[in-house]
Each structure stands twice: as structure tokens, then as C-alpha cells.
Amino acid sequence: MDFKISDDIEEVTPKKKKNMSNGMKMVIVIIVSLVAGVSVFLISNYFFGEKTEAPITSEVVSLTDSNVQEAYSYVTYGPQGERYKKFVEEAGVSLESFTNDEKFMYAFMFSTKDDFITTGNKDENGLNIYSISNDTVNEYMQKFFGSTVTYDTNSEVKLVLDYSIDNSNMTTLKYDATSDSFLGTFTGVSEKSNNLISPYIAALAKATKKTDDTLELQERVVYTDLVKGTDNTYTLSIYKDFAKSSLLESVPNLTEESINQNTVNITNYYDKASIINYKFKKGEDGYYFVNSTITS
Numbered sequence: 005m006d007f008k009i010s011d012d013i014e015e016v017t018p019k020k021k022k023n024m025s026n027g028m029k030m031v032i033v034i035i036v037s038l039v040a041g042v043s044v045f046l047i048s049n050y051f052f053g054e055k056t057e058a059p060i061t062s063e064v065v066s067l068t069d070s071n072v073q074e075a076y077s078y079v080t081y082g083p084q085g086e087r088y089k090k091f092v093e094e095a096g097v098s099l100e101s102f103t104n105d106e107k108f109m110y111a112f113m114f115s116t117k118d119d120f121i122t123t124g125n126k127d128e129n130g131l132n133i134y135s136i137s138n139d140t141v142n143e144y145m146q147k148f149f150g151s152t153v154t155y156d157t158n159s160e161v162k163l164v165l166d167y168s169i170d171n172s173n174m175t176t177l178k179y180d181a182t183s184d185s186f187l188g189t190f191t192g193v194s195e196k197s198n199n200l201i202s203p204y205i206a207a208l209a210k211a212t213k214k215t216d217d218t219l220e221l222q223e224r225v226v227y228t229d230l231v232k233g234t235d236n237t238y239t240l241s242i243y244k245d246f247a248k249s250s251l252l253e254s255v256p257n258l259t260e261e262s263i264n265q266n267t268v269n270i271t272n273y274y275d276k277a278s279i280i281n282y283k284f285k286k287g288e289d290g291y292y293f294v295n296s297t298i299t300s
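The sequence shown begins at 5 in my numbering and counts up one residue at a time.
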């Protein structure tokens, strides 16, 4: 018998590897693509997406709240306790609405006589020259108007103050660049008006504090006009508006005594009075004035 090598060797056929189906490949590609897409979206949205801010909410605040009372005193201020006309006569007021003298008048509501330092010098009339530092003036300006306020130092400023120095409450200030201060003398006395009744009768009606650090006040106000007749009696007219085009009531035959004893009560005209809305913003040193609007 012939021996053949090929007869002793068993031929082994290699096993074929199982190939992944095209469908399964497609599923994997889709899953990877989705994961990558979602990841890119989430990362991009985190860094570049529009942030959702919490809605601004508000709460009514007591009219006796110290912040409310302080803010209201700003807009009702006037030298010697007589309210200045600014907010009750202008339909809209913002920082840009103030003259330079008005900025100084409102800023100096925070001043005291101790802010003025004698320089030891006298003017040509022998009057003492006093100095108030520009840093102090700027501090008072920002307290009322906020940190963006600017004021002119190139012109004289005439002021009536709530206190007296050298028996005078009137001063004219001029800026001195060398000392970075305002210099002035005190000359003259400004007397209070002898009006039998205030031209503006007003009351704080509402205070609202918001989560964006703003404080809003609402004030009701009516305007008076007093005319003296030939028989020494008066007719008092009460108007809704400063232009005195909307008469609310007219009261004739009043004497000086009856006017003094019967000051106009704003509550009698509360629903018909004009409304002034004030907005304040919280700063480093309390709230400062932003704007006001007479709405009706």
C-alpha cells in the first residue's frame, strides 16, 4: 500500500468571523451622533446661551418705613421748609432735567454749618470767607443723584440754606481749583414766604419696593390759588393740575383766620388729585433719585 502524506493530514477550514449587520452599524452611528449633538448643545448653551433671569417682583412697603420717609423727603425738600416747585410743576423729571443751581440746592439739603471751614481770610467787604471741600459736595451730590451725576464748577452758585453762618443763610459759592473746594461768604437773610396756604397740598399714597433694588413712591397732589377780594375776604380755588385748567372746587368768602384754621385736606380730593410717581435706586448710601412722572 502506497503511503501518502496527504492522507494523514486533516484539512482544517478556518471559521469565518461574523460580520456586524449594516442595520446595527447605522444604529450605533445614530446613537453616537445624538450623544455628541446633545453634549455640544448643552455646553454651548451653558457658556453662550441666554440666561433666564428671575422675574422682578414687588412688595408694598409701609409709608412709615425709614427708607420711604427719607426718599420722600428728597422730593419734598425746599430751603427753610418750603417745598421747591421742581417735582410738582414738571411733568417729567430726570437727572438731565436739573439746572446746575438745582443740583446744588438739593445736594446741600444734606449739608450742615460744620461743613464750612473758615479760611481765615476776608473779602473786600470784610466778610469772612468760608470753604467747603469738593469731596463733601460730591458726596452730597451722589447721595441725591447717584454716582453718575456731574456738575459745573465754572459758574457761581447762589444758595439759601437751612442754617445760618455769621447771622446769614444766603451764600454765593465759587470753585477754587487750588484747594479743590468752594469758597464763599454769607450775606443776607432769606425770609420764609408769608403765604396763607401752600401752593401745593400733597400726601404720600403708596410705596413699593422691587427686587431690582428700586423703590417707587406714589404721591397725590392738588394745587391751590388764593385770591383776595375787595372786601378783604378770599376765594380759594383748588385745582387738579399745576396749569390750573381743571378746577376741583372753589370756596369763596374766606377770612385769613378761617384759612389758617382750615388747611386743605388732601383726603377730600384723593380720588381726583394728580398722581406723581417717583423712582429711586438703591446705592451705597441708601436710595437715590432716578426720575418722576406726573401721570394724571
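Built from N, CA and C at the ideal position, the CB exists for glycine as well.
Secondary structure at Phe284: strand, using DSSP grouped into helix, strand and coil. Cβ-Cβ separation between Asn173 and Val193: approximately 6 Å, consistent with a contact (criterion under 8 Å).
In the structure shown, Val255 falls within a strand segment according to DSSP collapsed to helix, strand and coil. Around the beta carbon of Thr234, fewer than 16 other beta carbons sit within 10 angstroms, so the residue counts as exposed.
Ranking Lys126, Glu100 and Thr267 by CA distance to the CA of Leu240 puts Thr267 first. Residue pairing from DSSP leaves Asn199 without any beta-bridge partner. Rounded to the nearest angstrom, the gap between the Cα atoms of Tyr291 and Val97 is 17 Å. Per DSSP, Ala111 is not a residue of any beta strand (DSSP E); the alpha helix (DSSP H) it occupies stretches across Asn104 to Ala111. In terms of CA proximity to Phe102, Val294 leads the group Ile298, Leu251 and Val294. A straight-line Cα-Cα distance of about 12 Å links Val164 and Ser115. Here Tyr78 is not near Tyr88, since their CB atoms are 8 Å or more apart.
The alpha carbon of Ala111 has as its nearest neighbour, out of Tyr155, Asn129 and Leu131, the alpha carbon of Tyr155. Measuring C-alpha to C-alpha distances from Asp139 to each of Gly124, Leu131 and Ser183 identifies Ser183 as the nearest. If you look at Ile263, you'll find it in the alpha helix (DSSP H) that goes Glu260 to Gln265. For Asn142, the enclosing alpha helix (DSSP H) stretches over residues Asn138 to Phe149. In this structure, the straight-line span from the alpha carbon of Tyr179 to that of Ser185 is close to 6 Å. Contact check for Ser254 against Ser278 fails: the beta carbons are separated by 8 Å or more. Taken through DSSP and simplified to helix, strand or coil, Asn158 comes out as coil. Shown here, Glu86 sits in coil according to DSSP, grouped into three states, outside any helix or strand.
Counting along the chain, the unbroken beta strand (DSSP E) around Ser62 starts and ends at Ser62 to Val64. Listed as beta-bridge partners of Gly188 by DSSP are Tyr134 and Leu177. Between Ile280 and Glu223, the beta carbon gap of about 5 Å places them in contact (Cβ cut-off 8 Å). In the structure shown, Asn272 falls within a helical segment according to DSSP collapsed to helix, strand and coil. A distance below 6 Å between beta-carbons, with the five flanking residues on each side excluded, links Glu93 to the following residues of its chain, in chain order: Phe246.
The closest CA to that of Ser249, considering only Asp229, Phe91, Tyr76 and Tyr273, is found on Asp229.
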